[in-house]
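A quick write-up on the structure given underneath.
Numbering (the numbering used here), first residue to last: 25 to 158.
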């Protein structure tokens, strides 16, 4: 009995096509997630910079200095977050009176629903900006 090498390679080809499409889809999702995180980083940077601009000038015996309060940082950061993105302001404070630390978060979902990629990822970004008076 001689075996014949004839047969269809179509199932193998279809399997490779499905695998290639899955890999491309995961790469697209990873790129989209990376871009969303970078966008959120930019929003956090802008909010921290705006928060650092919400200083009040204090004059004392040592001279003139800029002083930040938690309320002023939060107000300035919230204004930027409201305008720039669909992100939520998690925290905005001035830990030392000279810098503004802002944390924002957003939710990311893949372009198409899939069992391969998680359907909801919470992104978070923190930025710090210092104020200086010269």
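For glycine and all other residues, C-beta sits at the position ideal for the given N, C-alpha and C.
As the structure is a computational prediction, the values presented were derived from the model and not from experiment.
Classified as exposed, residue 119 has fewer than 16 neighbouring CB atoms from the shown chains inside 10 Å of its CB. Residues of the same chain with a CB within less than 6 angstroms of the CB of residue 67, apart from the 5 flanking positions on each side, are 108, 109, 111, 128 in chain order. Per DSSP, reduced to three states, the secondary structure at residue 107 is helical. Its chain contains 81, 82, 157 as the residues whose beta carbon lies nearer than 8 angstroms to that of residue 88, once the 5 sequence neighbours on both sides are disregarded; these appear in chain order.
Rounded to whole angstroms, the gap between the alpha carbons of residue 136 and residue 53 is 9 angstroms. Sequence-distant partners of residue 102 (beyond 5 residues in either direction) whose C-beta falls short of 6 angstroms from its own C-beta, in its chain, are 113. In the structure shown, the three-state DSSP call for residue 42 is helix. Cβ neighbours of residue 94 within its own chain (closer than 8 angstroms, five residues either side excluded): 116, 117, 118.
The beta carbon of residue 149 sits closer than 6 angstroms to those of 64, 65, 68, 128, all from its chain and outside the five residues before and after it, given in chain order. Counting of Cβ neighbours within 10 angstroms places residue 134 among the buried residues, the total reaching 16 or more.
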